[in-house]
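Below is one structure; the comments refer to it alone.
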Amino acid sequence: MIEQPLFDLDPSMLPAAELPGPGARPDVGAQWRLAEVQIANWGTFSDSIHRIPIACRGHLITGPSGSGKSSLLDAIAAVLTPDKWLRFNVAAQSAGARSDQRSLVSYIRGAWTRTTDDTEDRVVSKYLRPRATFSGILLRYSDGADGELTLCRLFFLKGSGTRTSDISDLCLCEQTGLDLADLQQYAQNGLATRALKSDRPEALVTSNGSHARFYARMRKIFGMAGESALQLLHKTQSAKSLDSLDQLFRDHMLEEPGTFALAETALAQFDDLKDAHDHVVQLREQRDHLTELKSAATVYERAHAAAAEALELTGSLRPYQRRRELDLLRADAASLAEKLVDLEVAAERAHTEKRLAIDDYDLAHRATLDLGGAETEHLQQRIEEAENARRGVAERWATLARQLAQAGIDEAPTTSAEFAELQAQIARTLEAGLEETGASHAEHDRFSAARSRVKALEADIDSLRRSGSTVPTALLEVRWALAEGCGLSESSLPFVAELIEVDPRWAQWTGAIERVLRPLALTVLVRTEHLSTVRSWVDGHRIRARLVFEEIPASPPAPKPARSEKSLVNKVTVAESTFGDWVSWTLSERFDVACVDTLSELDDHPRAVTLAGQIKTSRTRYEKDDRRRIDDRSQWVLGNRESKLEALIEQLTKAQQELAAAEEVVTAAGAAQARAQRRIGILAGVREQSWRDVDRQGAEAAVEALERQLRELETADGDLQTAIAAEREARARKEAAEDAAREADYAKRRAGEELDALRAQVERLERAIAAGEIAEVDDSVAAELDSRFRRVQRRITRDDLADVAAQVSQTLQEERDRSQNQASGAASAVTRLAAEFKARWSSVASDLTADVADRGAYLRMLDEISAHGLPDHEHRFRDLLRQRSRDLIGELLGEILSAPREITERVEPINSSLLRSKFDEGRFLRLKVKTRRSETVTAFIDSLRTVAEGSWGDEDMAAAEAKYATLAEIMRRFASSEHVDRTWRTVCLDTRQHVSFLAEEIDETGKAHATYDSGAAMSGGQQQKLVIFCLAAALRYQLADPDEPVSRYGTIILDEAFDKADTRYTRMALDIFIEFGFHMVLATPQKLLQTIEPYVGAATSVENPSRQKSLVATMTWGED
């Protein structure tokens, strides 16, 4: 190629003093400089290998925007820069272009434009190489003597892949000169890494993104101490975007601080602390949940114990009553035996007195006879007979008066005329016949129906109390017989109603749900293995009810999701059991019925039910059955036991009231009929009587006549009168003694008979006790029953015992019912809480069941948590918090606080480098570091101090929780992907942002003449000059040993450099890089060309007129 000036320059435009001459360039010795770039299939560099020789003096790459200048520089960066730092076209991005449009894939594919994809409604890239393709980049370096180095990177992208993971690559490093044409064969049809290694054993070849050895070898050859040099070189490529010292040092000079790694470590190790705290919180929640369960379990156990005690007392009530009766019998027999002895003595005394009275009477009677008293005796006998007759008439008249009163006749006849009138009235009444016919058939039917209703309700209540099941008694009896006949337990043949309950939150829907589910609820569930036995028994027996049973497979299908939130399926709960899965599936499959609030909503669902019980069974069919009231809880089989029992008792009360009313009507009618029949009988008997039978006046007149005759006889003889008076007195004493003797004998005989009866009862009860027919009663039970009987009645006799026992029995039944209701409610609470516990903490309760029977295991778990689990884990949590706070947070806090000092120490070597080159005439630069923390950072440091500092010795759990809350919030923000938290994380952890950089302009004595900072009012050129000067010093520090005048690696690439500087500052900046011994490769879009030309030995022009293919042309010129 002919060496000639690429640009027409007028030397007069440049002052001679400012033209760089040979003396301005330091002696770089054997320095590695880029000598040639070769690329194939990279961006719009297509179809062939493009070779661009790079001038050793410096090189300029120019061309219009979009021609491919940056693509060429990105190719160089793709070889020199590890992928973790690699960013393409950074200069354009910093100028405002969108980021992330250029990537390895876009360069390998040859993305040259973007178009709209109408099928996917998005903007997509258009590629020059849409199929399988390869790309190659080769950099050849020379040390200016005999040394050559080739760095090459080959890519292969399979098929039509557009992801980074679809790329395979290899890197080659060999200290000899190679050509890409010799290497492309190893990539054209897929990377042949093994073949390349075999063919070039002297080369170092790495592949598949694992290129650490490649970069280590390259750094060793170039004399670079660490990877940060490669990062700085890459960032220097976009140095046009450096506007301030802060940006230079924060983004290009200083490595990412260790605070980020410490934060990641803290975040990783925080998991242990978080797990410990979560475990503590979980144990607290478990403790609180189980404490609530314990309260319910305590209520259950007390109520259950009370019900059991009432049941035990009820069971012991009959034998206690019999034994109490025996005690009372024995006491009464003993008392009566003592009384009988007194009665025997009294009877003997009465008989003695009777004999003496008879003797006295006999003497008096003989005396009267001796004085002529025979006629008197005869009159007395007639008087006695007449008196007896008078008493008989009086008794018959009194009986007649009572009979007439019973027949409704108030006045009995006292004269013959009245008697004749009564007889006529009776004759008329008897002829009229019976008027009362008794209760009607309807009244008898009402009474019979009421009595049957009461019996049925009593049976239902008794069945519900005994079985605890809401299923009708008839079906329970069938189930019992079926289980007995098949040798199965009743629990293995459950009714669906025993497995389903309406959720209390939807209690108002119970009646409607009852109507929908009743056919299913009264179905018996039979396991497949029992089906044959059940069918045989059912077929061979007469079933006195409608029995429906269904086979239950071992593995029923999974329930389907409900079609609507209003579905009945969402308003019922299914008990946990071996049948529960089948019931849940059946509900979702056959009873997915919407519960709608309004009639209009029926049109929105294929199957639905209203609150009033109207059921939509299909698109066109509706039904409503009000034969039973929808709110009749006594007929429900899905409601809970307590509600149904309450409803049945309420109905029993009403039925008993109806029975009493019907019985009163029937009894009244029967009584009226009986009274009428009795009246007819009485009147018929009265009609058979004569007046003489009831003539009291005639009987009294006969007695008076005889007594008058006796008085006349007695008056005639005084001695006889005296004897008669004595005889009368003796007779009266005799009769009194005889009466007394009879009464004493009667009392003695009755007492003896009663004593014999008592002893017989005592003997019978003693035989029953000896035979075991009357059970033993425990002393404690007996004492409790004694107390209960005494509370009813303090002094109890045999006559009172049965009534008192009945009252005690009723009280015990009421207590049992009340306790069973309490126990049932508490059992439901325990079951609900256990189910919630299992659902929430299934791992710790996997072996437990959500049943009240397993409450002991839950309570033991509570005891373990309270006694050991929670205290132990709280102690471990505090230990971990103390350890993590001191080790991790303390270290992070120390790193943040010490960062300004460490950054100052990092800047010192750069200051030494700056002192080796003048910034201006007689002036040098000196960098200073100033701490500037924002309020956000200050608050963050305060939070770290809260966690890491303070005394841990006596810290309680509340203080530890407070520290943990602060730490947890810090960790949450560290882990968050939210933009605001990521920004906060960077602000707090990036200690490079906690300082600001100042540059002092000093003289040779170190005296400061001017100070510049990032916020100072400087022109763009001034800022850029200042930053570039510091950048050059930093590069010198990174690439050269302190004792070396120039670095072993010299090529520096600047893309779109000095776009804000004028000619003078551009020259000065270039002079700086030249003075530091760097080899400049500059790219600019046809700006400052005349200023740059003296600093380079060649220029490459890049054109892309078609936008699909970049063309290059290079021109070199001599040193002169």
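Numbering (my numbering), first residue to last: 31 to 1150. All C-beta atoms in this analysis are idealised placements derived from N, C-alpha and C, irrespective of residue type, glycine included.
Strand pairing of residue i, partner residues [DSSP]
i: Lys960; result: Ser1026
i: Ala1143; result: Ser1131
i: Trp62; result: Tyr1079
i: Thr445; result: Answer is none; Thr445 lacks a bridge partner.
i: Arg183; result: Ile167, Cys201
i: Cys625; result: Val639
i: Lys646; result: Ala638, Tyr652
i: Val235; result: Leu202
i: Phe579; result: Val554
Per-residue burial, residue i [other beta carbons within 10 Å of its own, 16 or more giving buried]
i: Asp1085; result: buried
i: Leu629; result: exposed
i: Glu528; result: buried
i: Asn119; result: buried
i: Arg813; result: The question names Arg, yet the displayed sequence has Ala at residue 813. Exposed: under 16 other Cβ atoms inside 10 Å.
i: Trp510; result: exposed
i: Thr194; result: exposed
i: Asn71; result: buried
i: Tyr652; result: exposed
i: Glu595; result: exposed
i: Glu680; result: exposed
i: Gln840; result: exposed
Residue i - DSSP class collapsed to helix/strand/coil
i: Ile573; result: coil
i: Asn219; result: coil
i: Ala638; result: strand
i: Val135; result: helix
i: Pro1115; result: coil
i: Met1110; result: strand
i: Pro83; result: strand
i: Val882; result: helix
i: Phe300; result: helix
i: Glu595; result: coil
i: Met43; result: The pLDDT assigned to Met43 is 36, lower than 50, so where the model puts this residue is not dependable, and the model offers no usable value.
i: Ser76; result: strand
i: Asn71; result: strand
i: Ile710; result: helix
i: Thr827; result: coil
i: Trp666; result: coil
i: Thr603; result: strand
i: Ala175; result: coil
i: Lys114; result: coil
i: Arg870; result: helix
i: Val716; result: helix
i: Val154; result: strand
i: His264; result: helix
Spatial neighbours of residue i in its chain, beta-carbon cut-off 6 Å, leaving aside the 5 residues before and after
i: Tyr1067; result: Pro939, Ile940, Ser943
i: Leu1141; result: Glu1133
i: Leu373; result: Ala777, Lys778, Ala781
i: Ile919; result: Leu974, Val977, Ala978
i: Arg159; result: Arg139, Gly140
i: Phe907; result: Ala306, His307, Val310
Contacts around residue i, its chain only, beta-carbon distance under 7 Å, and the 5 residues preceding and following it disregarded
i: Val967; result: Val1017, Cys1018, His1024
i: Phe954; result: Leu944, Leu945, Lys948, Ile1032
Same chain only: Cβ atoms within 8 Å of residue i, ignoring 5 sequence neighbours per side
i: Glu737; result: Ile413
i: Leu561; result: Glu581
i: Leu910; result: Asp302, Leu303, Ala306
i: Ala377; result: Ala771, Ala774, Asp775, Ala777, Lys778
i: Gly643; result: Gly541, Ala542, Arg545, Lys654, Asp655, Asp656, Ile660
i: Ala489; result: Thr503
Completely contained beta strand (DSSP E) runs for the stretch 493-555, where each covers 3 or more residues: Entirely contained in the stretch 493-555, the beta strand (DSSP E) runs reaching 3 residues are, in chain order, 530-532.
Mind listing, in chain order, the continuous alpha helix (DSSP H) runs of no fewer than 4 residues lying wholly within the stretch 761-821? Whole alpha helix (DSSP H) segments, 4+ residues: zero.
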